[in-house]
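So the structure is just underneath, and the comments pick up after that.
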Amino acid sequence: MSNAAPGGRFLTGSTMGHVIRMTVTGSIGVTFLFLVDAANLFWVSLLGEERLISALGFAWTIQFFSVSFGIGMMIAATATVSRLIGSGNRTEARLQTTVCAAAAFLLQLIVTIFGLYYRHEILALAGATGETAALAARYLVISMPSLPVMALGMVGSAVLRAEGDAYRAMMITLASGLISMVIDPLLIFGLGLGLDGAALAVVTARVLSAILSIWFVMGKHDLVGWATAADFRRLSVPFTLVALPAVLTQLSTPFGNYILTSVIAGFGDGAVAGWAVVSRLTVLAFGGLFALSGAIGGIFGQNYGAGRFDRVKRLYRDALLFCAVYTLIAWAVLVLTSSFVVDAFQLGVEATEV
Numbered sequence: 005m006s007n008a009a010p011g012g013r014f015l016t017g018s019t020m021g022h023v024i025r026m027t028v029t030g031s032i033g034v035t036f037l038f039l040v041d042a043a044n045l046f047w048v049s050l051l052g053e054e055r056l057i058s059a060l061g062f063a064w065t066i067q068f069f070s071v072s073f074g075i076g077m078m079i080a081a082t083a084t085v086s087r088l089i090g091s092g093n094r095t096e097a098r099l100q101t102t103v104c105a106a107a108a109f110l111l112q113l114i115v116t117i118f119g120l121y122y123r124h125e126i127l128a129l130a131g132a133t134g135e136t137a138a139l140a141a142r143y144l145v146i147s148m149p150s151l152p153v154m155a156l157g158m159v160g161s162a163v164l165r166a167e168g169d170a171y172r173a174m175m176i177t178l179a180s181g182l183i184s185m186v187i188d189p190l191l192i193f194g195l196g197l198g199l200d201g202a203a204l205a206v207v208t209a210r211v212l213s214a215i216l217s218i219w220f221v222m223g224k225h226d227l228v229g230w231a232t233a234a235d236f237r238r239l240s241v242p243f244t245l246v247a248l249p250a251v252l253t254q255l256s257t258p259f260g261n262y263i264l265t266s267v268i269a270g271f272g273d274g275a276v277a278g279w280a281v282v283s284r285l286t287v288l289a290f291g292g293l294f295a296l297s298g299a300i301g302g303i304f305g306q307n308y309g310a311g312r313f314d315r316v317k318r319l320y321r322d323a324l325l326f327c328a329v330y331t332l333i334a335w336a337v338l339v340l341t342s343s344f345v346v347d348a349f350q351l352g353v354e355a356t357e358v
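Residue numbers for the sequence shown, in this note's numbering: 5 to 358.
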């Protein structure tokens, strides 16, 4: 059971302090979400075949849409649940959590079915050909069925942030990410599964994430309620109003990545392998910005629900300042570590140029 104040813990204290605490802990979680994929790419790169890196790059281009779709629904879950917590209506917050989780699961299920059915066509449009396309398609077949389960983990993490439980929200992706990074080399090298092992490691991380999120949300905070059909009709409206623009905004990044991948594919597997590393490390480095969009939703929601509009204005200012400083630091880190990345991933000449 939660021991949080009835009105929410974001209604008092420094607004910048809340922004930093929630974003830093959130970025650790989001970063580990992307770090699992980056670690996959690293271990696969040690197999010494750029074709495998290229296949993983094409597969990531497709799954990036699903992950971004999930982040958009995370933002919606945080905003809607936190507003109810801030207004002191925990009974309604429990029902909203159930509606958010069910909607996220069903929508990701639809995305998964569509992606699997048209995987060959989507990969072809991205520029994948021959054995590289076949390897990428096989990776998708193994990993994509776990996307609806991933959605439950992401919504659970979002609800914990709405409650203000940054620690447990971080632990969901941190624990699952660490487990995945441990079993990754065991599956890829120990059992000799190669690219299939990388896909299975991702599935394991997503399942563990969902289990932890359900345990924390239900067992620690009692934030899941039994929703009727009428509740679903009523509470799906505020969720949709936030989720639709949030999802469309989040999809802009993978859409741009997809276009660039299709252009780079014309230069061969080596170029795509290099681009796969660049795109993975970029989203990894800027994970804080992904986390910021989700983290401030809970802080905004609680203060808005409580009518604290003075704090809402300060939050907006503090979030912009944090965003600017973080971007400069992340850019500097990427520039300074570029040569190390080339050596670590054993990239060829074409990949290095990219």
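Beta carbons: idealized from backbone N, C-alpha and C, even for Gly.
Does the count of Cβ pairs from the region 45-56 and the region 259-277 closer than 8 Å reach three? Enough Cβ pairs lie closer than 8 Å, so yes.
Using only alpha-carbon positions, find the residue among 219, 145, 179 that is nearest to residue 435. What the structure shows of the chain is the stretch from 5 to 358, and residue 435 is not part of that stretch, so it cannot be assessed.
Can you tell which of 127, 164, 169, 276 has the C-alpha that lies nearest to the C-alpha of residue 66? Of 127, 164, 169, 276, the residue nearest in Cα terms is 127.
If you run the structure through DSSP and keep just helix, strand and coil, what is residue 21? Assignment of residue 21 by DSSP, reduced to helix, strand and coil, places it in the helix class.
I need the DSSP call for residue 124, collapsed to helix, strand or coil. The DSSP-derived three-state label of residue 124 is helix.
From residue 179 to residue 227, what does the alpha carbon distance come to, in whole angstroms? Their Cα atoms are separated by approximately 21 Å.
In angstroms, rounded to a whole number, what distance separates the CA positions of residue 184 and residue 195? Computed Cα separation, rounded: 15 Å.
Could you give the DSSP three-state label for residue 256: helix, strand or coil? Residue 256 falls in the helix class under three-state DSSP.
Residue from 39, 79, 21, 22 whose Cα sits closest to the Cα of residue 244: Closest by alpha carbon: 79.
Rounded to whole angstroms, what's the CA-CA distance from residue 224 to residue 98? Just pull it up for me. A direct Cα-Cα distance of roughly 13 Å separates residue 224 from residue 98.
With distances taken between CB atoms, is the gap from residue 157 to residue 265 smaller than 8 Å? Between residue 157 and residue 265, the C-beta spacing is not below 8 Å.
Only counting the same chain, and skipping five residues up and downstream in sequence, which positions put a Cβ closer than 6 Å to that of residue 150? In chain order, 207, 210 place their CB closer than 6 Å to the CB of residue 150, counting only its own chain and leaving out the 5 sequence neighbours on each side.
Between which two residues does the alpha helix (DSSP H) containing residue 70 stretch? It spans 54-90 - the alpha helix (DSSP H) in which residue 70 sits, taken as one unbroken run.
Exposed unless 16 or more other CB atoms sit within 10 angstroms - verdict on residue 133: With fewer than 16 other beta carbons inside 10 angstroms of its own, residue 133 counts as exposed.
So the candidates are 188, 323, 21; which of them puts its Cα closest to the Cα of residue 48? The option with the nearest alpha carbon to residue 48 is 188.
Pair every Cβ in the region 164-183 with every Cβ in the region 215-224, then say whether three or more of these pairs are closer than 8 Å. Yes, since at least three Cβ pairs between the region 164-183 and the region 215-224 fall closer than 8 Å, the two stretches touch.
Could you say which of 160, 339, 42 lies nearest to residue 181 if we only look at CA atoms? Distances from the alpha-carbon of residue 181 to those of 160, 339, 42 put 42 closest.
Grab the span of the alpha helix (DSSP H) containing residue 174 for me, first residue to last. Unbroken alpha helix (DSSP H) run through residue 174: 170-189.
Alpha carbon of residue 8 to alpha carbon of residue 169, nearest angstrom: Residue placement at residue 8 cannot be trusted, given a pLDDT of 46 that sits under 50; what the coordinates show is reported in the next sentence. Between the alpha carbons of residue 8 and residue 169 lies a distance of about 9 Å.
Does the beta carbon of residue 224 sit closer than 8 Å to a beta carbon anywhere in chain D? Absent from the structure: chain D. Only one protein chain is present.
Please classify residue 337 as buried or exposed, where buried requires at least 16 neighbouring CB atoms within 10 angstroms. It is exposed - the Cβ of residue 337 has fewer than 16 other Cβ atoms within 10 Å.
Using CA coordinates, which residue listed in 96, 15, 27, 16 is at the minimum distance from residue 324? Looking only at 96, 15, 27, 16, the smallest Cα-Cα distance to residue 324 is reached by 27.
Contact check, residue 326 vs residue 316, beta carbons under 8 Å: Contact flag unset, no.
Spatially closest choice to residue 118 from 62, 70, 40, by CA coordinates: Of the candidates 62, 70, 40, the one whose C-alpha sits nearest the C-alpha of residue 118 is 70.
When you compare only the Cα positions, how much space is there between residue 6 and residue 94? Legend: pLDDT at residue 6 = 46, less than 50; position of this residue unreliable, value from coordinates given subsequently. Those two C-alpha atoms are separated by around 11 Å.
Three-state secondary structure (DSSP) of residue 231: It is coil, neither helix nor strand.
Leaving out five residues before and five after residue 240 in sequence, what residues of the same chain have Cβ atoms less than 7 Å from its Cβ? Answer for residue 240: 103, 107, listed in chain order.
Would you mind sorting residue 248 into buried or exposed? The rule is 16 or more other CB atoms within 10 Å of its CB. Its Cβ having fewer than 16 others within 10 Å, residue 248 is exposed.
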